Amino acid sequence: MFDITEIEWINALYQIAAFFVLLLLLKKFAFGPVMNMMEKRERHIADQISSAEKNREEAEAYLTEQREAIQEARMEAKDIVENSKKSSEQQAADIVKSARDEAERLKENAKQEINTEKAQAISALREQVSTLSVLVAAKVIEKELDEQEQEKLIQETLREVGEEV
């Protein structure tokens with residue numbers, strides 16, 4: 021079989037030295053670049069994670085800001101609607117009051133016109149009645165009256181007509 025004494029120590033030392041040289045070469049040309057690439061990849065992923073976290077925080081802040089702006093806009097819209105409603109109610113009340121005032125003024129004017137026309141009608145009627153009374157009295161009496169008696173008769177007739185009206 022195999023005897024330990026048969027191992028050549030020079031070959032073993034040569035193989036061990038070759039192995040260490042191979043390890044040094046692998047470390048320099050293979051493991052070094054691979055480790056650098058892994059470190060760069062790790063930094064790149066860490067940067068992306070921190071960037072994503074920063075973007076998420078900014079998005080949350082923007083979303084909060086937008087929600088507040090929407091709430092504020094809703095409140096402003098509500099205030100505008102309420103103010104418009106109050107304004108329209110006030111305008112309606114003003115229009116109704118103005119219409120009532122105008123109707124009252126027209127009513128008063130109509131009353132004044134009616135009273136004026138009534139007074140004019142009564143005055144005209146008195147004149148006609150006095151004239152007719154004089155004519156009727158002249159025909160009934162069939163005599164001619166002097167001016168004093170005629171004036172007295174007119175005044176009596178006017179008093180009687182004024183009491184009836």
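Residue numbering for the sequence shown is 21 to 185, as defined by the working numbering.
Yeah, the Cβ is synthetic: ideal placement off N, Cα and C, and Gly gets one too.
On a predicted model such as this, the values are computed, not experimentally measured, just so you know.
Can you grab the Cα-Cα spacing for the pair residue i / residue j, in whole Å?
{"i": "Ile65", "j": "Glu85", "result": "30 Å"}
{"i": "Leu152", "j": "Val116", "result": "52 Å"}
{"i": "Gln91", "j": "Ala79", "result": "18 Å"}
{"i": "Gln170", "j": "Glu128", "result": "41 Å"}
{"i": "Lys74", "j": "Gln68", "result": "10 Å"}
{"i": "Asn56", "j": "Leu42", "result": "20 Å"}
{"i": "Ala50", "j": "Glu59", "result": "14 Å"}
{"i": "Lys47", "j": "Glu77", "result": "42 Å"}
{"i": "Ser108", "j": "Leu83", "result": "37 Å"}
{"i": "Asp166", "j": "Glu122", "result": "56 Å"}
{"i": "Glu102", "j": "Ala89", "result": "20 Å"}
{"i": "Ser118", "j": "Ile142", "result": "36 Å"}
Between the Cα of residue i and the Cα atoms of the options, which residue gives the shortest distance?
{"i": "Glu180", "options": "Ser104, Ala130, Ser150", "result": "Ser150"}
{"i": "Gln148", "options": "Arg120, Ile174, Asp99", "result": "Ile174"}
Kindly say whether residue i, judged by its beta-carbon, lies nearer than 7 Å to any beta-carbon of chain D.
{"i": "Gly52", "result": "In the structure shown, chain D cannot be found, because there is only a single protein chain."}
Three or more beta-carbon pairs under 8 Å between the segment 99 to 113 and the segment 137 to 147, yes or no?
-> By the criterion of at least three beta-carbon pairs nearer than 8 Å, the segment 99 to 113 is not in contact with the segment 137 to 147.
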